[in-house]
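Residue numbers (our numbering): 1 to 82.
Below is one structure, written out as C-alpha cells; the observations come after it.
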Amino acid sequence: MDATTVLAAVNVDVTGSLATLGYGLAAIGPAIGVGIVVGKTIEGVARQPELAGRLQVLMWIGIAFTEALAFIGIATAFIFGF
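Here it is in C-alpha cells:
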C-alpha cells in the first residue's frame, strides 16, 4: 500500500460549525478564572476571618466579571456560526 492510497483512505469530509468548538474553548477561560477567584477568596478568609464579608462581596463581583467572558463567547458563537 503506497502513501496516496493511505491518504485517500484517511480523507474524511468534515462538516459542521466551528462556532461550537470556539464556544467550548471560550468556556475554558471563565471556568479557570472562577476557580482562581473562589480559591483566593477562601485563602483570604483563612488568613483574615474578620474580612469574610468584604471578601465574599468582592468574590461575587469577580465571578460576575469572569462569567461575562462566557456570555461574550456564546454570543460570538451565535453571531458568527450557528
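For every residue, glycine included, the Cβ atom is placed at its ideal position computed from N, Cα and C.
Bear in mind that the values here come from a model prediction, so they are computed numbers and not experimental data.
Item                                                                                                     : Value
For Ser48, three-class secondary structure by DSSP                                                       : According to the sequence displayed, residue 48 carries Gln and not Ser. The answer is coil: DSSP assigns Gln48 none of H, G, I, E or B.
Residue closest to Pro30, alpha-carbon to alpha-carbon, out of Gly62, Thr76, Glu50 and Val45             : Gly62
C-beta contact flag for Thr41 and Leu69 at 9 Å                                                           : no
Classification of Ala64 by the beta-carbon crowding that lies within 10 angstroms, buried from 16 upward : exposed
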